[in-house]
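Visitor: Can you read through this structure? Questions will come right after.
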Amino acid sequence: MKKLKVFPKVFLQIFSILIILILFIHLMIFLLFPRIYIESRKSHIVEKSDEIARNLNGRDIKFIEETLDFYSKNSDIGVFIKTDNDNNSLPIKNTKIDLNSSSNSLIIEDRMIELNTGEKLSIQFVSTTDINKEAKKLSFKFLPYSLIISLILSIGISIVYAKLMKKEEIIKLERLKYDFFRGASHELKTPLASLKIILENMQYNIGKYKDRDFYIGECIGIVDKLSHNVSQILLISKLENLKNDQENINIATVLKGIMEQYSVLIRNKNIKFSNNLDDEELCIGKSGLNIVLSNLINNAVNYSDNDGVINVGSRDGWFYLENSCDSEINIDNLFEMKFDLNKKNSNGMGLYIVSRILSNYGIEYRIEKSDIGFVFLIKL
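Numbering (my numbering), first residue to last: 5 to 384.
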């Protein structure tokens, strides 16, 4: 799975949260709407009933009938004159009601008015509504606006957050670059100075440096180490390009070629190598996997003492590389970008490079202590 950049990642997170929140609010409205709507509707009908009854009080019967008929046709509230013969009946045929719906609500209000003749007249106000239909209507009415607002908010917040994150990342990278080149220049300068001293003493045949054959070998060893670390430095500058080229790659196949390169070192230190891989695959770029495995094997060989152990395999969905080493090694500092050519067991830049590559591909990894040393784990 390709790793998303800061802006689209933040946008999707915020937009998803807002969408879930909006849908939850609309669901709550749909569930709570009937009770709230009925109370609101009842208050409205009571108010209208009082107003109409007050205005019709003292009028003649013809005016009242015409007014009630006109109001009923142009309003969602039906108003009827109640006679003595239909105290328990309701003129359904004139009531706006959906007989096929099971969620109808009926509100009835009775008012007593006095005609101009002094006779009493009972007026009945009737209102029916489909609660579920009204709830859906209200939800769908405001849902588009809610989605648009959430989209605008998501974009706005994502832009601001992405800029802040990018700014922090740039500052962090600049600081890291400064610390790296300061440390790298110092560590490269020391062996170069040593190399110069050895060559000058060889040039003038001073003391033990007369044994040129021996010290030429020493010089070649220093140059080889310098060459390796310069290559690592150049590789670090290209790490950002190692991404977006994922494919499912068989780990055992790649590891076989790498182990051939380290076979001499493993034999010289009498290290026992155990490969328990079958057909496990990792979704990563081929170049990236080569560099990762090569650096892991290199560190495992360097950390292991003579007669040490290196185990490779998979368990519970994780690839692991375990090696024996000094138990006093602080694994919390293994990913730091530092190296020292004068230290036998310096971790160099290897694990830093490994961590950067795996992070570029969005692959989970961790390092843990084990019974024999420590184990590096990569999520398959």
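A virtual CB, placed ideally from N, CA and C, is assigned to each residue, including glycine. In this text the structure is predicted, and so the values were computed from the model without any measurement.
#1: Among Met169, Ile288, Thr132, Gly62, which residue has its Cα nearest to the Cα of Lys124?
#2: Using 8 Å for Cβ pairs, my map puts Asp249 next to Gly289. What's the rounded Cβ distance?
#3: What are the complete beta strand (DSSP E) segments, minimum 3 residues, inside the region 293-329?
#4: What are the start and end residues of the beta strand (DSSP E) that includes Thr71?
#5: So, with DSSP's three-state summary, where would you put Tyr365?
#6: Below 8 Å, can you find three or more Cβ-Cβ pairs linking the region 354-365 to the region 262-280?
#7: Assuming Val14 and Ile56 are in contact, meaning their beta carbons sit under 8 Å apart, how far apart are those beta carbons, in whole angstroms?
#8: Label Asn120 either buried or exposed according to how many other C-beta atoms from any shown protein chain fall within 10 Å of its C-beta, with 16 as the threshold for buried.
#9: To the nearest angstrom, report how far apart Thr257 and Asp282 are at their CA atoms.
#10: Just to check my reading of the structure: Phe19 and Ser158 have Cβ atoms closer than 8 Å, yes? What is that Cβ distance to the nearest angstrom?
#11: When you compare only the Cα positions, how much space is there between Leu362 and Asp134?
#12: Have a look at the DSSP bridge pairing and note the partners of Glu113.
#13: If the criterion is Cβ atoms closer than 8 Å, does the pair Phe129 and Ile85 meet it?
#14: Mapping the DSSP letters down to three states, classify Asp344 as helix, strand or coil.
#15: Let me check understanding here. Comparing Cα to Cα, which of Tyr208, Leu230, Ile202, Lys229 lies closest to Phe218?
#16: Looking at Phe380 and Cys329, is the spacing between their C-beta atoms short of 8 Å?
#17: Using CA coordinates, which residue listed in Ser318, Leu72, Glu178, Ser231 is at the minimum distance from Glu284?
#18: Starting from Lys260 and walking both ways along the alpha helix (DSSP H), at which residues does that stretch end?
#19: Just to confirm, are Arg39 and Ser131 a CB contact at a threshold of 8 Å?
#20: Considering only DSSP beta bridges, list what Cys223 is partnered with.
#21: Using the Cβ count rule (16 or more neighbours within 10 Å means buried), how would you classify Glu251?
#22: At the level of alpha carbons, what is the spacing between Leu35 and Phe74?
#23: What distance in whole Å lies between the Cβ atoms of Ser235 and Ile4, which are believed to be in contact at a cut-off of 8 Å?
#24: Which whole-angstrom value is the C-beta distance of Leu60 and Ile117, which I expect to be below 8 Å?
#25: In terms of residue numbering, what span does the beta strand (DSSP E) encompassing Ser278 cover?
#26: Which two residues bound the contiguous beta strand (DSSP E) that contains Gly82?
#27: Pick helix, strand or coil for Asp134, following the three-state DSSP scheme.
#28: Do you know offhand how far Glu326's Cα is from Arg271's?
#29: Let me know the secondary structure DSSP gives Ile210 once reduced to three states.
#30: Quick check on the burial criterion: 16 or more other C-beta atoms within 10 angstroms. Buried or exposed for Glu43?
#31: Spell out the partners DSSP gives Glu118 in its beta bridges.
#32: At what residues does the beta strand (DSSP E) containing Glu285 begin and finish?
Guide: In this structure, then:
#1: Gly62
#2: 4 Å
#3: Segments of the beta strand (DSSP E) lying fully in the region 293-329: 313-319, 322-328.
#4: For Thr71, no beta strand (DSSP E) run applies; the uninterrupted alpha helix (DSSP H) run containing it begins and ends at 65-77, by DSSP.
#5: coil
#6: no
#7: Not quite, the Cβ-Cβ distance comes to about 57 Å (not below 8 Å), so this is no contact.
#8: exposed
#9: 10 Å
#10: Indeed, because the Cβ distance is near 4 Å, the residues count as touching under 8 Å.
#11: 58 Å
#12: Phe129
#13: no
#14: Residue placement at Asp344 cannot be trusted, given a pLDDT of 47 that sits under 50; the coordinates are not used to answer.
#15: For Phe218, the nearest C-alpha among the options comes from Ile202.
#16: Their beta carbons are not under 8 Å apart, which means Cys329 does not touch Phe380 by this criterion.
#17: Ser318
#18: 255-272
#19: no
#20: Note: Cys223 sits in no beta bridge, so no partner.
#21: exposed
#22: 35 Å
#23: Beyond the ends of the chain as shown, which are 5 and 384, falls residue 4; an answer cannot be given.
#24: 5 Å
#25: 276-279
#26: 82-86
#27: strand
#28: 18 Å
#29: Ile210 falls in the coil class under three-state DSSP.
#30: exposed
#31: Lys124
#32: 285-288
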